[in-house]
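Engineer: Before I ask anything, here is the structure I am working with.
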Ligand SMILES: Cc1cc2nc3c(=O)[nH]c(=O)nc-3n(C[C@H](O)[C@H](O)[C@H](O)COP(=O)(O)OP(=O)(O)OC[C@H]3O[C@@H](n4cnc5c(N)ncnc54)[C@H](O)[C@@H]3O)c2cc1C
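Numbering (this note's numbering), first residue to last: 492 to 967.
Below is the structure:
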């Protein structure tokens, strides 16, 4: 048997169920394949260069890992998902493969693409083997007593942990078995610029910050677990500190698996999933937020269509305010925490979680602009873009999604700033034009007589904007 392994959001050779199974079952070698879909990524899925560049560099690193296991990675470019089934079939025919192996994905377009691939392979009399990989437990398998999917995080988390404690503990798989002889030859991997549709000058493309490859992801995970994990609960919200793992680009592209992260945290916590070191337990909870959004995306196709998770908020009359949207995007709102966060995003391709919540609530509540507009900007600029987490985070912040709290949760940007960056270290780093202000004035410069002229005044008044948002969300 010769296997074709199709890589997508699982760009690694360790703990990769489809690759592992293919390498164990194959008797005549394994061929790998990756299909780059520039139009689908750019036009339909709104990826920007930071994400495309990171994925392609990760594919190049994967190709090297595979070579070391006598597996050639073929790389095909097909503009749209519609072209993927035919492209895969022709690679399978060229190398006389007997079956295609891949790990499931859960967004709507991805599911349709995968069904089409399954169809053409079966029509051709070839095997199709699909595996679960992307979450700890397969989406659809964690349900309430009444058989419904969880739409609130805390009970979902408790159900996952109960299952773990009952002994259902998915292990990590070892590195895929090396093959005896390479079949075919590896293709060169294009860069983001080679694909033609991505902006080669885009900011936030930082190969220095986001080194590609499993070895690098593994050392990032180890360094975090052996160091910052212990204090994670206390430091994770302090956005001036490097208190989190910064593993999100690697998890989003599948360079590291959630099981590898979970087991690393459990090893540091004597195997306990909900007791012991508070840092480890809190980090496990955050990993489960990622799973939660994957489970929701799998269960609710409307989330892939850009619709509100809670239909009752279809009534909200969002503002059509291009000027305000541009000010938010271009870090000109006059609220230092919002503007510094947007600069972090544009300069590094990444933003701290607390800041993502602050800027998302600012756009959707203070400016009353549809969450879809913010979601799109994040898609274009994030290196760690993950559809389910991004959509989930935006809808949570806009109160149209899975937040258990009602719509009147509206973060005050000034108190968030004072609470989580009291000395203004983060603000001074990204807004050097404010660095002469003292720690008190820095968070709300308009209150100071020494506010620099170069920095804009606040685009909205917090109290007035809050009242406007409450009015817009309230039922008639
Ligand atoms: C508006 C908004 C948009 C977001 N967009 C994305 C996105 O496109 N891609 C993405 O990976 N995350 C997204 N998040 C979630 C979160 O902000 C990032 O995962 C986190 O900041 C990544 O940093 P880290 O790796 O240091 O996280 P850590 O704190 O070290 O957490 C470890 C991992 O757990 C997962 N995780 C942590 N918090 C969350 C969360 N709230 N929701 C889902 N997963 C979580 C991530 O995979 C993360 O890498 C978004 C959040 C919001 C509010």
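Ideal placement from N, C-alpha and C gives every residue a C-beta, glycine not left out.
I believe residue 674 touches residue 586 by the beta-carbon criterion, under 8 Å. Please report the beta-carbon distance rounded to the nearest angstrom.
Structural biologist: That pair is a contact at about 6 Å.
Engineer: In terms of residue numbering, what span does the beta strand (DSSP E) encompassing residue 592 cover?
Structural biologist: 590-594 is the span of the beta strand (DSSP E), which, as asked, contains residue 592.
Engineer: Quick one: is the Cβ of residue 888 within less than 8 Å of any heavy atom of ligand 1?
Structural biologist: Yes, ligand 1 has a heavy atom inside 8 Å of this Cβ.
Engineer: Is residue 763 near ligand 1 - that is, is its Cβ less than 8 Å away from at least one heavy atom of it?
Structural biologist: No, Cβ of residue 763 sits at least 8 Å from all heavy atoms of ligand 1.
Engineer: Ordered along the chain, which non-local residues of its own chain (more than five positions away) have a Cβ less than 8 Å from that of residue 664?
Structural biologist: So the list reads 505, 506, 507, 508, 511, once near-sequence residues are dropped.
Engineer: Might you give, ordered along the chain, the residues of its own chain that have their beta carbon closer than 6 Å to the beta carbon of residue 760, omitting 5 neighbours on each side?
Structural biologist: Counting only Cβ-Cβ distances below 6 Å, and skipping sequence neighbours, we find 767, 768, 771.
Engineer: Any heavy atom of ligand 1 within a distance shorter than 8 Å of the CB on residue 651?
Structural biologist: For ligand 1, not one heavy atom lies less than 8 Å from the Cβ of residue 651.
Engineer: Take every Cβ of the region 514-526, pair it with every Cβ of the region 494-501, and state whether three or more of those distances are shorter than 8 Å.
Structural biologist: Counting Cβ pairs under 8 Å, three or more are found: they touch.
Engineer: Could you round the C-beta distance between residue 594 and residue 624 to whole angstroms and report it? I think they count as a contact, below 8 Å.
Structural biologist: Indeed, because the Cβ distance is near 4 Å, the residues count as touching under 8 Å.
Engineer: Starting from residue 865, follow the alpha helix (DSSP H) in both directions and report where the run begins and ends.
Structural biologist: Element bounds for residue 865: 862-872.
Engineer: Can residue 842 be considered in contact with ligand 1, in the sense that its beta carbon sits closer than 8 Å to one or more heavy atoms?
Structural biologist: Correct: residue 842 has its Cβ closer than 8 Å to ligand 1.
Engineer: Given residue 576, which residues of its chain have a CB within under 6 Å of its CB, disregarding the five upstream and five downstream residues?
Structural biologist: Excluding residues within five positions, the ones whose Cβ falls inside 6 Å are 607, 608, 611.
Engineer: Per DSSP, what kind of secondary structure is residue 497 in: helix, strand or coil?
Structural biologist: Here residue 497 sits in strand by DSSP.
Engineer: Provide the residue(s) that pair with residue 806 in DSSP beta bridges, ordered along the chain.
Structural biologist: Looking at the DSSP assignment, residue 806 forms no beta bridge with any residue, so it has no partner.
Engineer: Is residue 810 near ligand 1 - that is, is its Cβ less than 8 Å away from at least one heavy atom of it?
Structural biologist: Incorrect: residue 810 has no Cβ contact closer than 8 Å to ligand 1.
Engineer: What's the C-alpha gap between residue 717 and residue 808?
Structural biologist: Distance between the alpha carbons of residue 717 and residue 808: 48 Å.
Engineer: Between which residues of its own chain and residue 951 is the CB-CB distance below 7 Å, once the five residues before and five after are set aside?
Structural biologist: Here the set comprises 857, 858.
Engineer: Hey, would you say the C-beta of residue 883 is under 8 Å away from at least one heavy atom of ligand 1?
Structural biologist: True, at least one ligand heavy atom lies under 8 Å from that Cβ.
Engineer: Quick one: Cα of residue 868 to Cα of residue 815, how far?
Structural biologist: Each residue's Cα considered, the two are about 14 Å apart.
Engineer: Please report how far the alpha carbon of residue 714 lies from the alpha carbon of residue 699, in whole angstroms.
Structural biologist: Those two C-alpha atoms are separated by around 18 Å.
Engineer: Does the beta-carbon of residue 641, which I'm using as the reference point, lie nearer than 8 Å to any heavy atom of ligand 1?
Structural biologist: Result no, Cβ not under 8 Å from ligand 1.
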